[in-house]
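Going by numbering that gives the first Met the number 0, the final residue of the sequence shown carries number 372, and the count climbs one at a time with no gaps.
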Amino acid sequence: MSEGPALSLRAIELREVALPLVRPFRTSFGEEREKRAILVRTIGDDVEGWGECVASEEPRYSEEWLDGAWTALERWMAPAVVGQANRPERVTESLGWIRGHRMAKAAIEAAVLDVWLRKAGVSLSDYLSGVRDRITCGVSVGIAPTVEEMLEEIRGYLAKGYRRIKLKIEPGRDLSVVGAVREALPDTPLSVDANGAYTPADTPLFEALDEMGLMMIEQPLDAEDLPGHAALQARLRTPICLDESIRSARDAAVAIRLGACRVINIKPGRVGGILEAKRVHDVALRSSVPVWIGGMLETGVGRAANLALAALPGVTLPGDTSASDRYFPQDLTEPFVLDPDGTMAVPSGPGIGVEPLPDRLEACTVRTSLIKP
Ligand code: NPG
């Protein structure tokens with residue numbers, strides 16, 4: 000990734016948007032009924048860029064939350080970046096004094112990267128040295144009241160072509176649900192995601208899941224418990240995949256060295272940016288640890304960047320990079336569509352290759368803030 004010319008921004012606009020979801024999304028830490036996100040719009044002299052912040056309304060997935068990210072972006076991050084000569088590679092570095100707030104940093108870096116690449120006429124995928132123009136997609140299935148409802152939803156996804164089904168589990172809704180789905184769909188590539196809801200005392204449960212032919216067990220234990228994950232992985236044949244535990248390329252290197260995982264889920268928001276996400280990928284690739292690109296119910300803006308990351312050579316497993324209609328009756332951008340073979344095209348236009356549709360954007364906007372030099 001070489002450094003190009005610096006680009007100066009006339010303004011940065013923050014925009015909170017709210018989009019109805021096609022169905023509520025339930026995980027071990029709660030239910031989302033609508034998607035709220037902060038969009039960062041970088042405004043240059045003759046070109047604009049977009050980034051999406053994936054912080055949820057409440058600090059359950061991580062310590063970040065939407066209003067906190069808004070404040071961090073409005074008060075410190077956007078003022079530090081607007082009017083400056085920006086190179087995308089310097090953005091998170093210049094914000095390094097701000098502790099944490101990775102999702103907010105990732106959003107502003109993404110928007111600077113996008114405007115800068117649009118100006119240069121280069122796609123994000125090419126900039127990152129992506130190696131494929133189509134990527135394979137999986138889908139994450141929220142916790143439903145009954146197994147029948149889950150199976151109906153899953154069968155619908157399989158009919159559309161999705162290549163891997165990820166089941167959300169939580170204490171009390173785990174073995175019996177996964178067992179029933181496995182029995183109904185013996186050959187379907189299946190994984191489970193606990194979002195850290197269990198403790199090492201639940202090892203027997205994971206030993207039972209180990210018999211169900213799963214592709215992976217994602218984030219079984221608390222995000223901070225790398226040694227616990229290493230001890231659990233030593234008892235399981237099924238690979239453990241880490242999500243919440245991996246906040247940087249350094250975390251990835253430590254987790255791999257400890258034997259705490261055999262797969263990594265990469266989310267640019269969680270690790271503080273697209274460029275750090277690439278570094279996580281590089282660390283994993285050097286250790287032959289397969290990775291895939293996760294999802295945070297992004298609108299088309301965040302999804303486009305995730306698809307570009309999914310084009311990297313080490314991304315060898317289907318991601319939570321699902322089509323727009325899995326999430327929204329109407330996306331913010333032109334919809335992303337799944338091919339019947341379970342693949343999706345990586346955007347090839349400059350930058351992230353898509354932008355919000357003006358009418359949709361206006362209809363979904365909850366609040367805006369314009370930051371000038
Ligand atoms: O397809 O975008 C998607 C959702 C994938 O399951 C998914 N995301 O824990 O990985 C997760 C989960 C999530 C969603 C986490 C929203 C936090 C917020």
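Glycine residues also receive a C-beta, built at the ideal position from the N, C-alpha and C atoms.
query, result
"The ligand NPG heavy atoms versus the CB of Leu306: any closer than 7 Å?", "no"
"For Gly294, is the beta carbon positioned less than 7 Å from some heavy atom of the ligand NPG?", "yes"
"Around the Cβ of Ala362, are there at least 16 other Cβ atoms within 10 angstroms (buried) or fewer (exposed)?", "exposed"
"What are the start and end residues of each continuous beta strand (DSSP E) run of 3 or more residues lying completely inside the region 155 to 184, in chain order?", "164 to 167"
"The ligand NPG and Asn85: does any heavy atom of the ligand fall closer than 7 Å to the residue's C-beta?", "no"
"Rounded to whole angstroms, what is the Cα-Cα separation between Cys260 and Ile37?", "31 Å"
"For the region 123 to 143 against the region 58 to 74, do three or more pairs of beta-carbon atoms, one drawn from each stretch, fall closer than 8 Å, so that the two count as touching?", "no"
"Are the CB atoms of Gly43 and Ala110 nearer to each other than 8 Å?", "no"
"Compute the Euclidean distance between the alpha carbons of Ala193 and Ala5, then round it to the nearest angstrom.", "43 Å"
"Around the C-beta of Gly29, are 16 or more other C-beta atoms found within 10 angstroms, so that it is buried, or is it exposed?", "exposed"
"For Arg366, collect the residues of the same chain with a Cβ closer than 7 Å to its Cβ; drop the 5 residues on either side in sequence, then sort them by chain order.", "Glu15"
"Please look up how many angstroms separate the CB atoms of Cys240 and Met215, rounded, as I've assumed it's under 8 Å.", "4 Å"
"Does any heavy atom of the ligand NPG sit closer than 7 Å to the C-beta of Tyr374?", "The structure shown does not extend to residue 374, since the chain spans only 0 to 372, so no value can be given for it."
"From Ile273 to Ala304, what does the alpha carbon distance come to, in whole angstroms?", "8 Å"
"Can you check whether the CB of Leu235 is closer than 8 Å to the CB of Phe205?", "yes"
"Classify Glu47 as helix, strand or coil using the three-state DSSP reduction.", "strand"
"To which residues does DSSP link Cys240 through a beta bridge?", "Glu217, Val262"
"Are three or more beta carbon pairs between the region 101 to 108 and the region 50 to 59 nearer than 8 Å?", "yes"
"Sorted by chain position, which residues of the same chain lie with C-beta nearer than 7 Å to Ala251's C-beta, five sequence neighbours on each side aside?", "Ile245, Ile263, Val279, Val282, Ala283"
"Assuming Ile134 contacts Ala309 under a Cβ cut-off of 8 Å, what Cβ separation, rounded to an integer in Å, is found between them?", "4 Å"
"Does the beta-carbon of Glu148 have 16 or more other beta-carbons within 10 angstroms, so that it is buried, or is it exposed?", "exposed"
"Can you grab the Cα-Cα spacing for the pair Gln218 / Asp45, in whole Å?", "44 Å"
"Measure the alpha-carbon distance for Ala71 versus Ala79 and round it to whole angstroms.", "11 Å"
"DSSP state of Thr70, grouped into three classes?", "helix"
"Ends of the beta strand (DSSP E) at Gly212?", "No beta strand (DSSP E) contains Gly212, which DSSP labels as neither H nor E."
"Does DSSP put Ala344 in a helix, a strand or coil?", "strand"
"Drop a sphere of 10 angstroms on the beta-carbon of Pro346, count the other beta-carbons inside from all chains shown, and report buried for 16 or more, exposed for fewer.", "buried"
"Under three-state DSSP, which class holds Val279?", "helix"
"Assign Ser190 to one of three DSSP states: helix, strand, or coil.", "strand"
"Which one or two residues does DSSP pair with Ser139 in a beta bridge?", "Lys165"
"Which residues share a DSSP beta bridge with Ser368?", "Leu13"
"Quick one: grab the DSSP three-state call for Gly350.", "strand"
"Work out the CA separation of Thr298 and Ala344 for me, nearest whole Å.", "16 Å"
"In chain order, what residues of the same chain lie with their CB nearer than 6 Å to the CB of Ala77, ignoring the 5 residues before and after it?", "Ile11, Ile370"
"Among Gly258, Val353, Arg285, which has the Cα closest to the Cα of Thr237?", "Gly258"
"Just grab the DSSP bridge partners of Thr41 for me.", "Ile11, Gly48"
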